[in-house]
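Before any comments, here is the structure.
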Amino acid sequence: MIPTDLVGGAFWLPLAFVMMMGLAMLLYVVLDGYDLGVGMLLPGAKSEAERDTMISAIGPFWDANETWLVLGVGILLVAFPLAHGVILTNLYLPVTFMLAGLILRGVAFDFRVKARVRHKHRWDRAFFCGSALAAFSQGVMLGQLVSGFDGAPMGWLFSAGIGVGVMGGYCLLGAGWLVLKTEGRLQAAAVRWARGALVLSAFGIAAVSVATPFMSESIFDKWFSVETLFALLPIPLMSAAVVALLFVFLTRLGQDTVGGNTRGIERWAWAPFAGAVALFVLAFMGLAYSLFPYLVLDRITVWEAASAPESLAIMFWGAIIVVPTILAYTVFLYRVFGGKAQPLRYDG
Amino acid sequence: MEALLLARIQFAANITFHILFPSITIALGWLLLFFKLRHNKTGDARWKRLYGFWVKVFALSFAMGVVSGIVMSFQFGTNWPGFMEKVGNIAGPLLAYEVLTAFFMEATFLGIMLYGQGRVSNRIHTLATLLVCIGTSLSAFWIIALNSWMHTPAGFEMREGVAHAVDWWAIVFNPSMPYRMVHMLLASGLTVAFLVAGLSAFRLLSGAQTDDARLGLKVGVTLAALLIPLQIVVGDLHGLNTLKHQPAKVAAMEGLWETTEGAPLLLFALPNQTERRNHFELAVPNLASLILTHDLHGEVKGLNDFEGAHPRVAPVFWSFRVMVGMGLLMLTASWLSAALVWRRGELPRLLLRGLVGMSLSGWVAIVAGWYTTEMGRQPWLVQGVLRTAEAAAPNVGEGLIWTSLAVYLALYATLTVAYVLVLFHMAHKQDADGPKPSPMIHTLEEQAQ
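If you read the sequences in order, they're chains A and B.
Residue numbering for the first sequence follows the numbering used here, beginning at 7 and increasing consecutively.
Residue numbering for the second sequence follows the numbering used here, beginning at 1000 and increasing consecutively.
Structure follows, in structure tokens:
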């Protein structure tokens, strides 16, 4: 299963690619997660102007954010073709619904400002539905992956539970993003949404963490031997600490927005989003530990699924040069559109 | 219906929907850069307003292209796992380089191109426009390299039934790649030229006698008139290349059953594959031989030489005729319009209406051409290496494919209609002081609801 030659490309190239894939997926989940979260929070807006502001807060970014999904799935496709086929044929239905959701979200966002004014609310609804559908389907896909494609009713129920949890997590990211990017009444509302979403996400993460080992024997064994349990304990403990800290922060921010303490708000407006990101990173680490070295749980390892070393090598050297460039201009994009969201206009 | 056919229909539906939008953004990006540079140079506000209008069309088309492109990247795995298992070592890096070199660049700088004016300097904004153009064209480059390789594979060897790369240069610049690439880029240019001409004509007809619309019309018809002769020459060269590498496809395009010296060009015919002959032939003697071999008595291989290994004839035969017919119509319309516009500065209403009708003619030609070449490759997925049937997902049931097909088709139909209506709506809205909305668009939109 693990190649015997531990220095050859056949050993380290698949590892490098699985790490790159993990990074792409994590970046996708955090970045598009806040987009999708904002989409799901859209019905909470009180007015047309608030809806416009919410969408302005993600407008220049969503396209670049979604590209990380293409990279993540792309790496699965090109570096691990065997696993790609098995995973995606097993996830056929949730993938279809996720794609339908992403299509609706991506175009509704663009159509709403270009279509007739009286159709705008319709595209807003499509934007909400698309975001919710994509988020839920992604959770279902994750649930299916960690349960080893359990097609029994219990497996789907478990996956649907993760779907709801992911929706909650994305709403937390989205609300955190809005706290950072908006002001006034909308910002105060975003603080309240973040608190609600935090409760939902915390329950979600806890439930999933408890349920997952029981869905899969091999994950159970990995977590609950005496030595690993203590080595891994920091992950759940830190998660709990982040949740508690976020809760305190959001409560304070809530009081500040009611009391009109703008200095306090501005100083800490970044905290909810940062906390949400920390939570996702921790959950991701736990998940990565549960799955590795498998791509398909208990069936296909990273090395078994990998493409030929010479094909991986030619992609690897390309990626080494290009990925830092991508990260650099992504940072540039976020700097250009830094600060509070402003109305989106094509003519500046 | 069997799962293989359903999977093919689904893939065809997805790729048909997808190709519509890159075929606009590839050339429209460069046209936007042209507008931008003209404005930078002359300071004429019309160029800036043209940029402002067409960048919105670009944004919408880009969003449609991105979301449908994501579907494509998943479909390789959901419907055609055998493809990556057999030729993944070759297709993989090509796709990876598309995402790495092109996709991120266009998606990132698009944000600046769309909303960045006023936030970045004019120079950076021009640069962002340029980078988006380079991104979309690079994207086309990698995808066409892969697609061409599937038609004319080169630079690889088979080891234990799996393709391994030997020479990347030969893989990327495989025998049909240069022809396919130029053919596609010109097709995109023509699509955009007719879209610009058509929407500008629509604005003029709806009473907005604005300078912008006139300028747009002039740019559109001139571009079309310049590109179409080039396209006819490149199309011919591409045909010769296909004859060399995929003679069965050419035989199907020509509807030629028997190998013939001095083959006729069929203007009309109903190919019948069960009887292996054509009904109702209307032919010009020797012309096919002349076009294909540049010799009146040249030999053209017939379908009977490839029995059992050639594509279904009728769809290839007909889609080829639709493409060529569209090209001839484009030639007539663009030269007539360009001559009149340059000589008289305006067009008669009838011709304006004609151009409105041809706004999306590029789409028709591209889809028809795409069908010709892709169906013409059957039964191969990778010519001579991998059959389509071998790549299909073995364990996906018909029910699943039906469900997803229904979801996609409903979504695509709605979105394509919405896209076209919104384009015309935007063209209309642009003119603030014009008359009331045109009744035609109004009823179309009501019907669509």
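All C-beta atoms in this analysis are idealised placements derived from N, C-alpha and C, irrespective of residue type, glycine included.
Measure the C-alpha to C-alpha separation of G266 of chain A and V185 of chain A and round it to an integer number of angstroms.
-> In the first sequence, residue 266 of chain A corresponds to position 260, counting from 1. In the first sequence, residue 185 of chain A corresponds to position 179, counting from 1. The alpha-carbon atoms of G266 of chain A and V185 of chain A are separated by roughly 15 Å.
Reference A1367 of chain B, options B:L1281, B:F1316, B:G1344, closest by Cα:
In the second sequence, the residue the question calls residue 1367 of chain B occupies position 368. Cα-wise, what sits closest to A1367 of chain B is B:F1316.
Apart from the five residues just before and just after A1247 of chain B, which ones in its own chain have a Cβ nearer than 6 Å to its Cβ? Stepping through the second sequence from its first residue, residue 1247 of chain B is reached at position 248. Same-chain partners within the cutoff: F1305, H1309.
(message) Excluding the 5 residues flanking M1252 of chain B on each side, which residues of the same chain have their C-beta closer than 7 Å to its C-beta?
(response) What you label residue 1252 of chain B is simply residue 253 of the second sequence in a count that begins at 1. Counting only Cβ-Cβ distances below 7 Å, and skipping sequence neighbours, we find V1315, F1316, F1319, T1371, G1375.
- Can you round the beta-carbon distance between T1151 of chain B and Q1382 of chain B to whole angstroms, since I take them to be within the 8 Å contact cut? Taking the first residue of the second sequence as position 1, residue 1151 of chain B is located at position 152. Taking the first residue of the second sequence as position 1, residue 1382 of chain B is located at position 383. The pair is a contact, with the Cβ atoms about 7 Å apart (cut-off 8 Å).
Check whether the Cβ atoms of G260 of chain A and R305 of chain A sit closer than 8 Å, and answer yes or no.
Residue mapping note: residue 260 of chain A aligns to position 254 of the first sequence, counting from 1. Residue mapping note: residue 305 of chain A aligns to position 299 of the first sequence, counting from 1. Not closer than 8 Å, so no.
Inset, instruction - Please list the partners that Y1096 of chain B has in chain A, where partner means a Cβ-to-Cβ separation under 7 Å. - result: On the second sequence, position 97 is the one that residue 1096 of chain B refers to. Those are G324, listed as they occur along chain A.
Practice task
Kindly indicate which residue of B:A1127, B:L1216, B:F1052, B:G1028 has the alpha-carbon position closest to the one of V1340 of chain B.
Solution key: The residue given as residue 1340 of chain B occupies position 341 in the second sequence. Nearest option by C-alpha distance: B:L1216.
(Q) Rounded to whole angstroms, what is the Cα-Cα separation between P1270 of chain B and V101 of chain A? (A) Here residue 1270 of chain B is taken as the residue at index 271 of the second sequence, counted from 1. Here residue 101 of chain A is taken as the residue at index 95 of the first sequence, counted from 1. Computed Cα separation, rounded: 40 Å.
Checklist entry - How many whole angstroms separate the CB atoms of G180 of chain A and V214 of chain A, which I take to be in contact at a CB cut-off of 8 Å? => result Residue numbering aside, residue 180 of chain A sits at position 174 when the first sequence is read from its first letter. Residue numbering aside, residue 214 of chain A sits at position 208 when the first sequence is read from its first letter. So it is not a contact: roughly 20 Å between Cβ atoms.
Taking 8 Å as the cut-off, does the region 108-119 of chain A touch the region 128-139 of chain A (at least 3 CB pairs, one atom from each stretch)? yes
Item to check | Inter-residue CB distance, Q1230 of chain B and A1192 of chain B (contact presumed, cutoff 8 Å) | outcome: Residue mapping note: residue 1230 of chain B aligns to position 231 of the second sequence, counting from 1. Residue mapping note: residue 1192 of chain B aligns to position 193 of the second sequence, counting from 1. In this structure Q1230 of chain B does not touch A1192 of chain B by the C-beta definition: roughly 11 Å separates them, more than the 8 Å allowed.
Is it true that the CB of T59 of chain A sits closer than 8 Å to the CB of L192 of chain A?
By 1-based counting over the first sequence, the position of residue 192 of chain A is 186. By 1-based counting over the first sequence, the position of residue 59 of chain A is 53. Going by C-beta atoms, L192 of chain A is nearer than 8 Å to T59 of chain A.
**OP:** For chain B, find out if any of its Cβ atoms is closer than 8 Å to the Cβ of E316 of chain A; answer yes or no.
**Re:** On the first sequence, position 310 is the one that residue 316 of chain A refers to. Closer than 8 Å to some Cβ of chain B, the Cβ of E316 of chain A qualifies, so yes.
Task: Beta carbon proximity, T59 of chain A to chain B, threshold 8 Å - done: Translated into the one-based positions of the first sequence, residue 59 of chain A becomes position 53. No, because no Cβ of chain B sits closer than 8 Å to the Cβ of T59 of chain A.
Can you tell me whether W1168 of chain B is buried or exposed, with buried defined as 16 or more other CB within 10 angstroms of its CB?
The count along the second sequence starts at 1 and reaches residue 1168 of chain B at position 169. Counting Cβ neighbours within 10 Å, W1168 of chain B comes out exposed, since fewer than 16 surround it.
Item checked: Spatial neighbours of L1194 of chain B in its chain, beta-carbon cut-off 6 Å, leaving aside the 5 residues before and after -> On the second sequence, position 195 is the one that residue 1194 of chain B refers to. Counting only Cβ-Cβ distances below 6 Å, and skipping sequence neighbours, we find S1358.
(request) Please list the partners that S313 of chain A has in chain B, where partner means a Cβ-to-Cβ separation under 7 Å. (result) Numbered from its first residue, the first sequence carries residue 313 of chain A at position 307. Those are G1087, N1088, G1091, listed as they occur along chain B.
Which of the residues in the region 1131-1154 of chain B, read from start to end, lie with their CB under 9 Å from any CB of chain A?
none
- Short CB-CB distance (under 8 Å) between G1110 of chain B and chain A: Position 111 of the second sequence, counting from 1, holds the residue named residue 1110 of chain B. G1110 of chain B counts as touching chain A.
Exercise for review: Spell out whether any CB of chain A is found under 8 Å from the CB atom of T1442 of chain B.
Suggested key: Looking up residue 1442 of chain B in the second sequence gives position 443. Per-residue confidence for T1442 of chain B stands at a pLDDT of 41, beneath the threshold of 50, marking its modelled position as unreliable; the derived number appears in the next sentence. No, because no Cβ of chain A sits closer than 8 Å to the Cβ of T1442 of chain B.
Discussion item. Check for me: the beta strand (DSSP E) holding H1309 of chain B runs from which residue to which?
Written reply: For the purposes of this step, residue 1309 of chain B is taken as residue 310 along the second sequence, with counting starting at 1. From DSSP, H1309 of chain B is part of no beta strand (DSSP E); its letter is neither H nor E.
request  = Using 10 angstroms around the beta-carbon of G344 of chain A, count the other beta-carbons present and answer buried if the total reaches 16, otherwise exposed.
outcome  = Here residue 344 of chain A refers to the residue found at position 338 when the first sequence is read from its first residue. Burial call: exposed.
Discussion item. Assuming N1277 of chain B is part of the beta strand (DSSP E), what are its boundary residues?
Written reply: On the second sequence, position 278 is the one that residue 1277 of chain B refers to. Here the beta strand (DSSP E) through N1277 of chain B covers 1276-1283.
(message) Please state the DSSP three-state secondary structure of P1270 of chain B.
(response) By one-based count along the second sequence, residue 1270 of chain B stands at place 271. The answer is strand: DSSP assigns P1270 of chain B an E or B state.
- Task: Report the three-state DSSP secondary structure of T1128 of chain B (helix, strand or coil).
- Result: In the second sequence, residue 1128 of chain B corresponds to position 129, counting from 1. If DSSP states are grouped into helix, strand and coil, T1128 of chain B belongs with the helices.
key: Neighbourhood of A1287 of chain B by C-beta, 8 Å cutoff - its chain only, sequence neighbours within 5 removed   = The count along the second sequence starts at 1 and reaches residue 1287 of chain B at position 288. For A1287 of chain B, where only same-chain residues beyond five positions count, the Cβ hits under 8 Å are E1253, L1255, A1262, P1263, L1264, L1265, V1299.
Open item on the list: Quick check: is the beta carbon of M321 of chain A nearer than 8 Å to any beta carbon in chain B?
Closed with: Position 315 of the first sequence, counted from the start, is the residue given in the question as residue 321 of chain A. Taking Cβ atoms only, chain B reaches closer than 8 Å to M321 of chain A, which makes this a yes.
| What in chain B is Cβ-close to E72 of chain A, meaning under 9 Å? | Taking the first sequence and counting its residues from 1, the one referred to as residue 72 of chain A is at position 66. The answer, in chain order, is V1065, V1066, I1069, A1106.
Alpha carbon to alpha carbon, how far is F286 of chain A from E1097 of chain B?
Counting from 1 along the first sequence, the entry for residue 286 of chain A is found at position 280. Counting from 1 along the second sequence, the entry for residue 1097 of chain B is found at position 98. Near 29 Å, if we compare the C-alpha coordinates of E1097 of chain B and F286 of chain A.
Q. By the criterion of Cβ-Cβ separation under 7 Å, what are the contact partners of M1083 of chain B in chain A?
A. Here residue 1083 of chain B refers to the residue found at position 84 when the second sequence is read from its first residue. From the beta-carbon of M1083 of chain B, the residues of chain A found nearer than 7 Å are L83, P87, H90, G91.
Practice task
Would you tell me roughly how many angstroms separate the C-alpha atoms of L139 of chain A and G1115 of chain B, rounded to the nearest one?
Solution key: What you label residue 139 of chain A is simply residue 133 of the first sequence in a count that begins at 1. What you label residue 1115 of chain B is simply residue 116 of the second sequence in a count that begins at 1. Cα-Cα distance, rounded: 31 Å.
Self-check item: Those residues which DSSP pairs with L1264 of chain B across a bridge
Solution: Taking the first residue of the second sequence as 1, we reach residue 1264 of chain B at position 265. L1264 of chain B is bridged to B:V1283.
With a threshold of 8 Å between beta-carbons, can V36 of chain A be considered close to chain B, or not? Mapped onto the first sequence, residue 36 of chain A falls at position 30. Chain B contact via Cβ: absent.
Item to complete: Report the rounded CA-to-CA distance for L1109 of chain B versus L1302 of chain B, giving the unit in angstroms.
Response: Here residue 1109 of chain B refers to the residue found at position 110 when the second sequence is read from its first residue. Here residue 1302 of chain B refers to the residue found at position 303 when the second sequence is read from its first residue. Cα to Cα, L1109 of chain B sits roughly 48 Å from L1302 of chain B.
Report all residues from its chain with a CB closer than 8 Å to the CB of F226 of chain A; omit the five preceding and five following residues, and keep chain order. In the first sequence, residue 226 of chain A corresponds to position 220, counting from 1. Excluding positions up to five away in sequence, the list reads P219, F220.
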